[in-house]
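In what follows, a single structure is set out as structure tokens and then discussed.
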Amino acid sequence: MFSFDKSSRSISGLCSGLMFAVLPAFALAESAGHYGYGSPATEEQIQAWDIDIRPDGQGLPEGSGSVEEGMGIYETYCSSCHGAFGEGMGRYPKLSGGEGSLTEDRPEKTIGSYWPYASTLWDYIHRAMPFFAPQSLTDDQVYALTAYVLNLNYIVDGDFVANKDTLPQVKMPNEDGFIWEDPRPEVTNVRCMEDCKDEVTVSDSAADKNLTPSTTGPLDEGLTE
Amino acid sequence: MLGKLRRLNQAVSEIALKESERLPSNERRRFLRSGLFTAGGAMVGGALGGLSPRLGAAQTQYPPEIPSWTRSLGAGVVSDPYGVPSPFEKDVIRRNVPWLTADKVSSISFSPLQHLKGIITPNGLFFERHHAGRPEIDPQQHRLMIHGLVERPIVLSMEDLQRFPSVSQINFIECPANGGMEWRGAQLNSLQFLHGMVSCAEWTGVRLSTLLQEVGMKPEGKWLLAEGADGAAMTRSIPMEKALDDVIVAFAQNGEALRREQGYPIRLVVPGWEGNTHVKWLRRLEVGDKPWMQREETSKYTDLMPDGTAHGFTWVMEAKSVITSPCPEMPVRGKGVCQIEGLAWSGRGKVKAVDVSVDGGRNWQQAQLREPVMSKSLTRFSLEWNWDGSPALLQSRVIDETGYVQPTLGQLKAVRGTNSIYHKNAIQTWQISGDGSVTNVQL
Numbered sequence: 015m016f017s018f019d020k021s022s023r024s025i026s027g028l029c030s031g032l033m034f035a036v037l038p039a040f041a042l043a044e045s046a047g048h049y050g051y052g053s054p055a056t057e058e059q060i061q062a063w064d065i066d067i068r069p070d071g072q073g074l075p076e077g078s079g080s081v082e083e084g085m086g087i088y089e090t091y092c093s094s095c096h097g098a099f100g101e102g103m104g105r106y107p108k109l110s111g112g113e114g115s116l117t118e119d120r121p122e123k124t125i126g127s128y129w130p131y132a133s134t135l136w137d138y139i140h141r142a143m144p145f146f147a148p149q150s151l152t153d154d155q156v157y158a159l160t161a162y163v164l165n166l167n168y169i170v171d172g173d174f175v176a177n178k179d180t181l182p183q184v185k186m187p188n189e190d191g192f193i194w195e196d197p198r199p200e201v202t203n204v205r206c207m208e209d210c211k212d213e214v215t216v217s218d219s220a221a222d223k224n225l226t227p228s229t230t231g232p233l234d235e236g237l238t239e
Numbered sequence: 107m108l109g110k111l112r113r114l115n116q117a118v119s120e121i122a123l124k125e126s127e128r129l130p131s132n133e134r135r136r137f138l139r140s141g142l143f144t145a146g147g148a149m150v151g152g153a154l155g156g157l158s159p160r161l162g163a164a165q166t167q168y169p170p171e172i173p174s175w176t177r178s179l180g181a182g183v184v185s186d187p188y189g190v191p192s193p194f195e196k197d198v199i200r201r202n203v204p205w206l207t208a209d210k211v212s213s214i215s216f217s218p219l220q221h222l223k224g225i226i227t228p229n230g231l232f233f234e235r236h237h238a239g240r241p242e243i244d245p246q247q248h249r250l251m252i253h254g255l256v257e258r259p260i261v262l263s264m265e266d267l268q269r270f271p272s273v274s275q276i277n278f279i280e281c282p283a284n285g286g287m288e289w290r291g292a293q294l295n296s297l298q299f300l301h302g303m304v305s306c307a308e309w310t311g312v313r314l315s316t317l318l319q320e321v322g323m324k325p326e327g328k329w330l331l332a333e334g335a336d337g338a339a340m341t342r343s344i345p346m347e348k349a350l351d352d353v354i355v356a357f358a359q360n361g362e363a364l365r366r367e368q369g370y371p372i373r374l375v376v377p378g379w380e381g382n383t384h385v386k387w388l389r390r391l392e393v394g395d396k397p398w399m400q401r402e403e404t405s406k407y408t409d410l411m412p413d414g415t416a417h418g419f420t421w422v423m424e425a426k427s428v429i430t431s432p433c434p435e436m437p438v439r440g441k442g443v444c445q446i447e448g449l450a451w452s453g454r455g456k457v458k459a460v461d462v463s464v465d466g467g468r469n470w471q472q473a474q475l476r477e478p479v480m481s482k483s484l485t486r487f488s489l490e491w492n493w494d495g496s497p498a499l500l501q502s503r504v505i506d507e508t509g510y511v512q513p514t515l516g517q518l519k520a521v522r523g524t525n526s527i528y529h530k531n532a533i534q535t536w537q538i539s540g541d542g543s544v545t546n547v548q549l
């Protein structure tokens, strides 16, 4: 009824043929460590895709934008989510405020209070904002928005003009607040097996908090706040 | 042959008709009208498949009954050309917490760990984290560019990439914000939502070391920038030492092409490091001499400490374990022997041991590890427990091959405070009540 035999014979024939043809050449390529696959990236291709900006300004393009120019662009493209003053609408991120709050019970990590580098702002607005249309702004618009958002955070004056020379010189208030080295493991537990503590008390319970969506049935769209 | 089939279909239809007699009269009328019965010839078994669950309470299928599926034919091959789980498993899905994020486009979904039976997360259940939604990428049009401090910058098509020698490795991926809602207290009463931002798969792809050798890295190259092709153009800086160690550009997940949610057609897999570094929809790798200080490594994915300073470049996922059964979704089923089971993992290597406590951490017993135990992979553990029906506090504690012991929440908070969001790998406590129900508590 089935024709396993016929097909398997032809498949194995095919395979052994391939083995002979491919193996020696492959071994050679691997030992050379160079395969030559793909095509060389052209200067034009690299320029179009290489959009990252570093704190030292590497990557910043020509062009410029002022705080004043930024205000109008911000109102058009950004304020609906981030608020007119960067205060954040709903759960959209705040872009300003929170200065001095990092040690408080409820810290607000914003561009002004937390971000270590101004270059990151240019880079991020350019690559990812506005949220619904990323990479749609011109370089001048991004400079202007960067200037404006920095001004919202009292980091630059109202006459600031951002360009590839001025932006790397902006020192962010919290630049020195970061330690760029992982101190972990920083918490030490010991592997005690018996009588490890005297008392066990439950300090908090998730019961009756009514924050947990259902884990049975269809997706639970309730509990939005 | 055809005649035989027809006879068979007739038989199936007869059984279906007979079964329908057991339905309440209105259901039966609907069944007959639906045409399932008359179409039975075309469906073989399909009619019964649709019928049996509806019989539900009306009929049992276990002994002494001979189940209907034993007295009929099942669905033919390629009824599901791409197989899907049984409809009875419909609750086993990724889920989200609507109040957590502004928008589903920049959000998280959680793996149903309470239902997962091994160390491999099925591809459709792998947790999701998108920053600008899941793009729909045509692999024919997708390119990976490798450039920067290299001798020969190149552009690779997906076919080009798959011509390189590939490796397969089983690694977990965990979002560093897994459990991050619980620093200030117990909020969520569910394993899925508490710990479901970890998943594990077999990844197949090309070693970064192979690709970097191909382009001829210059000696000043100390860092690598990985960038995604999604609307977030997600970027992370990765030190070259790690990049050359065990990082791969993966194109397959559990033997098939990556799922779109996991970066189709290609993603980075950075074993043991926080999920955000495993850049999905990878489009660009740049070699440089300094880190780029991107938004995802400054504003986000840095840990704010109680003194107001922040720790950056905290990439490793420290060892963690959790009991997956019992858990809030899977209560203890009754007095007597109970298999306590769970998962443990470490971003620094292999799991060495897991201990379990049933009295809130006063006394501990070493659990059994279930093979395979692999580096930077989920590892199963289990311990038999004779439950006498009295309230209990269950915990698990992993020790990894570096000797690191998973900390208590108190120990972790004493150092990290409650505002670091990320890297909450503390011991989880499940409170077992007399009725076997399970609650997320903190001690």
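Chain order of the listed sequences is A and B. Read in this note's numbering, the first sequence has 89 at position 75, and its numbers run on one by one without any break. Read in this note's numbering, the second sequence has 270 at position 164, and its numbers run on one by one without any break. All C-beta atoms in this analysis are idealised placements derived from N, C-alpha and C, irrespective of residue type, glycine included.
Any C-beta of chain B under 8 Å from that of residue i
i              : result
T152 (chain A) : no
A142 (chain A) : yes
Y128 (chain A) : yes
D171 (chain A) : no
W136 (chain A) : no
I193 (chain A) : yes
G86 (chain A)  : no
T229 (chain A) : yes
V36 (chain A)  : Residue placement at V36 (chain A) cannot be trusted, given a pLDDT of 46 that sits under 50; the coordinates are not used to answer.
N203 (chain A) : yes
C210 (chain A) : yes
Q59 (chain A)  : yes
V184 (chain A) : no
R163 (chain A) : For the sequence presented, residue 163 (chain A) should be read as Val rather than Arg. It does not; no Cβ of chain B falls within 8 Å.
Continuous alpha helix (DSSP H) stretch holding residue i: start and end
i              : result
P309 (chain B) : Correcting the residue identity first, residue 309 (chain B) is Trp in this sequence and not Pro. No alpha helix (DSSP H) contains W309 (chain B), which is instead part of the beta strand (DSSP E) from V304 to R313.
W451 (chain B) : Per DSSP, W451 (chain B) belongs to no alpha helix (DSSP H); it is in the beta strand (DSSP E), G442 to W451.
N546 (chain B) : First-last for N546 (chain B): V544 to Q548, but that is the beta strand (DSSP E), not the alpha helix (DSSP H).
Backbone secondary structure at residue i - three-state DSSP
i              : result
C281 (chain B) : coil
G418 (chain B) : coil
K185 (chain A) : strand
L262 (chain B) : strand
V457 (chain B) : strand
M411 (chain B) : coil
K426 (chain B) : strand
P487 (chain B) : Position check: residue 487 (chain B) holds Phe in this sequence, whereas Pro was assumed. Of the three classes helix, strand and coil, the one that applies to F487 (chain B) here is strand, per DSSP.
A238 (chain B) : coil
C92 (chain A)  : coil
Candidates the options: closest to residue i by CA position
i              : options                           : result
V464 (chain B) : B:Q534, B:K426 and B:T415         : B:Q534
N6 (chain A)   : A:K123, A:T90, A:L233 and A:P69   : A query on residue 6 (chain A) cannot be resolved here, the shown segment of chain A reaching from 15 to 239 and no further.
F232 (chain B) : B:V460, B:Q368 and B:V190         : B:Q368
W63 (chain A)  : B:R200, B:S481, B:G466 and B:L250 : B:L250
G509 (chain B) : B:I354, B:R454 and B:G254         : B:R454
T341 (chain B) : B:G302, B:E320, B:G381 and B:V304 : B:G381
G73 (chain A)  : A:T160, A:N203, A:Q183 and A:Q61  : A:Q61
H237 (chain B) : B:V504, B:Q246, B:P245 and B:V211 : B:V211
Q438 (chain B) : B:Q268, B:R269, B:K396 and B:W493 : The sequence as given places Val at residue 438 (chain B); Gln does not occur at that position. If we check each option's Cα against that of V438 (chain B), B:W493 comes out closest.
Beta-bridge partners of residue i, as assigned by DSSP
i              : result
V175 (chain A) : A:S80
G394 (chain B) : B:W329
S502 (chain B) : B:V462
Y131 (chain A) : A:K185
V273 (chain B) : B:G311
G254 (chain B) : B:V393
R249 (chain B) : B:S263
Limits of the beta strand (DSSP E) - the one that residue i falls within
i              : result
S339 (chain B) : According to the sequence as given, residue 339 (chain B) is Ala; it is not Ser. Taken as a continuous stretch (DSSP letters only), A339 (chain B) belongs to no beta strand (DSSP E), as it is neither H nor E.
N165 (chain A) : Element bounds for N165 (chain A): not the beta strand (DSSP E) but the alpha helix (DSSP H), D153 to L166.
L515 (chain B) : That residue, L515 (chain B), is in no beta strand (DSSP E); its alpha helix (DSSP H) goes L515 to R522.
W536 (chain B) : T535 to I538
L475 (chain B) : Q474 to R476
F357 (chain B) : I354 to Q359
Within-8 Å CB hit, residue i to chain A
i              : result
W536 (chain B) : no
Q473 (chain B) : It is Ala, not Gln, that sits at residue 473 (chain B) in the sequence shown. No - not a single Cβ of chain A is within 8 Å of the one on A473 (chain B).
M436 (chain B) : no
W175 (chain B) : no
N525 (chain B) : yes
I354 (chain B) : no
R258 (chain B) : yes
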